[in-house]
Amino acid sequence: MPLLEMRSITKTFPGVKALDNVNLSVDEGEIHALVGENGAGKSTLMKVLSGIHPYGSYDGDIMYDGQECRFQGIRDSESLGIVIIHQELALVPYLTIAENMFLGNEQRKVKGIIDWDATYANAEKYMRIVGLEDSPRELIKNIGTGKQQLVEIAKALAKNVRLLILDEPTSSLTEADSRKLLDLLLEFKKTRGITSIIISHKLNEVSYVSDKITVIRDGKTIETLDKAKDDISEERIIRGMVGREMTNRFPKRTNVTIGEKSLEIKHWTVHHPLYPERKVVDDVSLYLRKGEVVGIAGLIGAGRTELCQSVFGKAYGTQISGELYKDGKELHLNSVAEAVHNGLAYVTEDRKGDGLVLSNSILRNITLSRLGFVSSHGVLNADLEHEKAEEYRQKLSIKTPSVEQLVNNLSGGNQQKVLVAKWMYAQPEIMMLDEPTRGIDVGAKYEIYCIINDMAAEGKSVLMVSSELPELLGMCDRIYVMCESKLVGELPAAEASQEIIMQMIMEASKSNIGMEAE
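This is the structure:
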């Protein structure tokens with residue numbers, strides 16, 4: 015008998031049917047993957063299951079352990095051992111690991127007083143289970159994203175989890191941290207009998223960790239593949255997701271014309287804003303040419319994001335030094351507004367935290383980057399604003415009934431398109447893209463790649479930061495390699511490979527360790 019059955023689940027938002035008669039069956043002790051394009055309804059289905067969308071706001075039935083469930087909130091589902099970990103981690107940076115782990119689930123003495131000894135002792139117990147060696151008194155802001163993800167899992171264990179739901183758990187992790195997390199799920203399945211549902215766009219990880227894979231497309235259940243008897247190759251999963259074969263993940267660039275240098279960065283050095291003695295970008299020099307797509311490879315923490323943000327009007331860092339040239343003329347950019355005015359744009363890796371105003375409409379988000387284009391003498395032209403937003407909605411194929419739709423109601427892939435549209439609308443000559451396809455599906459990725467190629471074809475320069483090496487190899491004309499705040503190599507696309515790039519990074523790391531030892 016299945017541990018979980020979701021029968022004929024239908025969920026409608028204003029103007030959109032997010033789920034249409036979806037069925038899902040999960041056996042106890044299995045790892046079940048949920049895959050589909052952005053907007054397919056995966057996260058919505060899990061929000062129905064966890065009570066975030068309460069009973070009465072959807073049609074259909076949830077059967078758990080043989081009993082019908084009518085959850086009115088997340089506490090109802092957690093009381094039965096159903097715990098969801100969202101893509102955006104719900105941790106408070108200035109609280110300790112232990113305080114975060116038991117927030118809302120406090121360890122209490124009599125009369126409701128918090129038992130701090132029990133809090134820290136229990137936190138340490140669950141931390142050790144997931145392989146965290148840090149002190150439970152360490153602040154969340156002082157540990158990396160990989161460790162924060164483990165804190166979320168330890169937090170789930172502390173709630174006596176029986177069914178663990180993970181929404182894009184590895185989207186912000188390195189390959190090494192991702193593999194550790196997946197192996198942890200396999201271990202929990204084997205030693206603790208924990209059932210897991212994992213939503214992921216990384217299909218190689220889905221194939222590695224899952225027993226069964228359910229494909230959702232356009233709010234409907236398409237099929238469930240069983241690892242024991244079905245083909246679960248990436249190509250097979252993609253065919254189910256998009257309804258067709260995708261033989262080429264990266265669009266071909268035709269009639270490529272590389273022009274003169276458009277942007278040149280010389281001896282660029284940036285210090286950490288909180289720890290000024292620490293360099294996050296150390297004497298980096300690079301250049302872009304018109305019509306060129308240039309990548310920056312490197313591990314998380316290499317300094318790639320800090321480089322882009324500091325160039326973009328000193329949006330990050332302190333004690334910034336070095337020279338910046340555009341079309342041969344030196345620039346001194348001291349604000350984001352100055353950077354935008356001089357033809358630079360930066361698409362952040364954190365679309366929800368830094369890139370978009372989620373409570374605002376698609377229209378307002380797109381035009382926010384250059385309101386001067388839709389206003390006269392400080393007065394906004396609402397008709398022109400709507401016209402421009404609609405133009406970019408169509409250009410980027412943003413799936414929405416109206417540009418008046420709130421960005422918060424869009425899928426991750428469509429939010430990403432709004433973010434790209436926002437900066438395309440600003441009509442930049444140099445576009446810096448930081449992890450432009452993080453957390454989006456293969457179909458939406460392909461559309462983003464086409465947009466990048468179109469920008470290059472128009473003679474714009476594109477600087478692309480990505481942790482996915484196949485993406486850089488498939489899209490870029492040249493690739494720079496960064497390691498521990500320094501630039502350690504440059505490769506033309508024809509000479510680059512994953513092995514060569516990783517070798518450059520490893521050799522640079524060894525060299526830095528040797529220097530520290532001296």
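No gaps in the numbering here: position 344 of the sequence shown is 358 in this note's numbering, and each next residue is one more.
Heads up, the beta-carbon is just placed ideally off N, CA and C, and yes, glycines get one too.
All of these numbers come straight from a predicted model, not from anything done at the bench.
Range covered by the beta strand (DSSP E) that runs through residue i
i	result
Q430	That residue, Q430, is in no beta strand (DSSP E); its alpha helix (DSSP H) goes G426 to Y439.
S475	S475 to V479
K31	V30 to V40
E82	Q81 to C83
Y78	D73 to Y78
T235	K234 to D240
M445	I444 to D448
Backbone secondary structure at residue i - three-state DSSP
i	result
I527	For I527, the predicted model reports a pLDDT of 46, less than 50, meaning its position is unreliable and no value from the coordinates is stated.
T24	strand
E363	coil
T414	coil
M489	helix
V175	coil
I519	helix
G386	helix
E532	Confidence at E532 is low in this model, with a pLDDT of 45, below 50, so its placement is unreliable and the value that follows should be read with caution. Three-state DSSP puts E532 in coil, outside helix and strand.
I88	helix
S219	Note that residue 219 is Glu in the sequence shown here, rather than Ser. Helix.
S373	coil
K293	strand
M496	strand
V284	strand
E19	strand
I380	helix
L397	According to the sequence displayed, residue 397 carries Asp and not Leu. Note: D397 maps to helix in three-state DSSP.
I514	helix
A311	strand
V298	strand
V421	helix
Contact test: residue i Cβ vs the ligand FMN heavy atom, cutoff 7 Å
i	result
K155	Annotation note on the ligand FMN: not contained in the displayed structure, which lists no ligands.
Exposed unless 16 or more other CB atoms sit within 10 angstroms - verdict on residue i
i	result
L394	exposed
G426	buried
W437	buried
N114	buried
Y439	buried
D397	exposed
G317	buried
A353	buried
P28	exposed
E274	exposed
E449	buried
G55	buried
P442	buried
V434	buried
M520	exposed
R231	buried
A531	Low confidence applies here, because A531 scores a pLDDT of 43, under 50, leaving its location unreliable and the question unanswered by this model.
I527	Any answer about I527 is weak, because its pLDDT of 46 lies below 50 and its placement is not dependable; what the coordinates show is given next. I527 should be labelled exposed.
V502	buried
L117	exposed
R206	exposed
Y463	buried
T362	buried
D491	buried
Y330	buried
D131	exposed
N- and C-terminal bounds of the alpha helix (DSSP H) containing residue i
i	result
K194	E189 to R206
A471	V456 to A471
R250	E248 to V256
K57	Per the sequence presented here, residue 57 reads as Ser, with Lys not at that position. Looking at the DSSP string, the run of the alpha helix (DSSP H) that includes S57 is K56 to S64.
DSSP bridge partner residues for residue i (one or two, in chain order)
i	result
A507	Answer is none; A507 lacks a bridge partner.
L48	I213 and T228
K552	Beyond the ends of the chain as shown, which are 15 and 532, falls residue 552; an answer cannot be given.
L483	Per DSSP, none; premise fails for L483.
D181	I213
Closer than 8 Å to chain B by CB, residue i
i	result
K275	Protein chains in the displayed structure number just one, and chain B is not present.
Original post:
Which runs of the alpha helix (DSSP H) fall wholly inside the segment 90 to 166 and span at least 4 residues, in chain order?
Top reply: Correct list: 111 to 115 and 130 to 143.
**OP:** Taking only runs that begin and end inside the segment 318 to 370, name each unbroken alpha helix (DSSP H) of 4 or more residues, in chain order.
**Re:** Taking 4 residues as the minimum length, the alpha helix (DSSP H) runs contained wholly in the segment 318 to 370 are 318 to 325 and 350 to 355, in order along the chain.
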